[in-house]
Amino acid sequence: MPRIHREAHRTERIGWLRAAVLGANDGIVSTASLVVGVAAANAGRTEVLVAGVAGLVAGAMSMAAGEYVSVSSQADTEQADLTRERSELASMPESELNELTGIYVQRGLDPALARQVAEQLMAKDALTAHARDELGISEITTARPVQAALASAATFAVGAALPLLVVLLAPEAGLVYTVAITSLLFLALLGVLAARAGGAPLLKAALRVTFWGALAMGLTAAVGALFGTVV
Ligand SMILES: [Zn+2]
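Counting from 1, one number per residue, gives the positions in the sequence shown under this note's numbering.
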């Protein structure tokens with residue numbers, strides 16, 4: 001099938017890229033914040049590492065569970081919609097033809113043309129035409145909840161590993177600042193990479209992620225410092 005204007009279709013690869021960036025982003029922000037909070041309470045490197053690794057595992061599992069549930073329930077809904085549509089097409093093809101014609105009229109075709117379009121599309125593949133134009137399901141795919149869950153957990157773990165590596169390698173003095181600054185750099189870099197791939201403005205993307213990262217780390221640092229002096 002010929003592909004027309006291929007450069008306009010960056011949104012296609014945004015799907016998985018967005019999920020990967022989001023996972024890594026979450027991993028960096030939550031682990032760096034956790035580490036900064038514990039380090040600000042004057043904990044030693046070992047305590048900071050234990051907290052960080054526990055945070056990595058907990059976060060990766062929670063991402064996996066969330067993704068699994070969300071992808072599964074979306075797949076269930078789509079399957080139910082398609083089953084109903086399939087039986088409607090079998091039992092009342094005429095009213096389904098009228099329904100599709102009505103949709104194309106609403107989108108701006110005149111009634112005669114709309115009917116012709118609906119007839120031809122339904123002759124080719126009625127279920128696909130109804131799924132796309134009535135239900136908004138553009139591709140009848142089998143959603144893969146387990147793969148989605150694994151991918152989410154893996155990208156989160158990769159992101160979370162970055163601040164943990166810094167904890168492992170950096171000098172213990174000033175660990176709070178080292179982790180905070182390097183993590184903001186990782187976040188900015190990730191934001192720029194994602195924006196480049198998606199063709200979005202770079203600076204804006206970098207500022208957006210670093211702002212939320214800085215806010216999260218600032219808050220946990222404050223909590224850590226408070227508990228570190230009080231307790
Ligand atoms: Zn229909």
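Just so it is clear, CB atoms sit at the ideal spot from N, CA and C, and this is done for glycine as well.
So is the beta-carbon of residue i under 7 Å away from any non-hydrogen atom of ligand 1?
{"i": "E96", "result": "yes"}
{"i": "E134", "result": "yes"}
{"i": "E99", "result": "yes"}
{"i": "E85", "result": "yes"}
{"i": "E88", "result": "yes"}
If you measure between the beta carbons of residue i and residue j, is that distance less than 8 Å?
{"i": "G52", "j": "T31", "result": "yes"}
{"i": "A205", "j": "G224", "result": "no"}
{"i": "L193", "j": "V209", "result": "no"}
{"i": "L202", "j": "R196", "result": "yes"}
{"i": "G108", "j": "G59", "result": "no"}
{"i": "V166", "j": "V158", "result": "no"}
{"i": "S95", "j": "M217", "result": "no"}
Closer than 6 Å by C-beta to residue i: which residues in its own chain qualify, once you throw out the five before and the five after it? Chain order, please.
{"i": "P111", "result": "V105"}
{"i": "A19", "result": "none"}
{"i": "A148", "result": "E67, V71"}
If I measure Cβ to Cβ from residue i and keep anything under 7 Å in the same chain, skipping five residues before and after, which residues do I get?
{"i": "A221", "result": "V36, G37, A40, V176"}
Compare the Cα-Cα distances from residue i to each of the options and report the closest residue.
{"i": "T101", "options": "A90, V158, H130", "result": "H130"}
{"i": "T46", "options": "M122, P171, A64", "result": "P171"}
{"i": "F211", "options": "S183, G174, G198", "result": "S183"}
{"i": "V48", "options": "L215, A173, A216", "result": "A173"}
{"i": "D133", "options": "G55, M61, N25, D81", "result": "D81"}
{"i": "M61", "options": "L113, F156, S70", "result": "F156"}
{"i": "A65", "options": "T229, L162, P163, A153", "result": "A153"}
Would you say the beta carbon of residue i is closer than 7 Å to some non-hydrogen atom of ligand 3?
{"i": "A157", "result": "Ligand 3 is absent from the structure shown, which contains only ligand 1."}
Q: Would you list, in sequence order, the uninterrupted alpha helix (DSSP H) runs of no fewer than 4 residues that lie entirely inside the segment 109-141?
A: 111-130
Q: With a floor of 4 residues, list each alpha helix (DSSP H) that falls wholly inside the segment 129-213, ordered by position along the chain.
A: Entirely contained in the segment 129-213, the alpha helix (DSSP H) runs reaching 4 residues are, in chain order, 145-169, 175-198.
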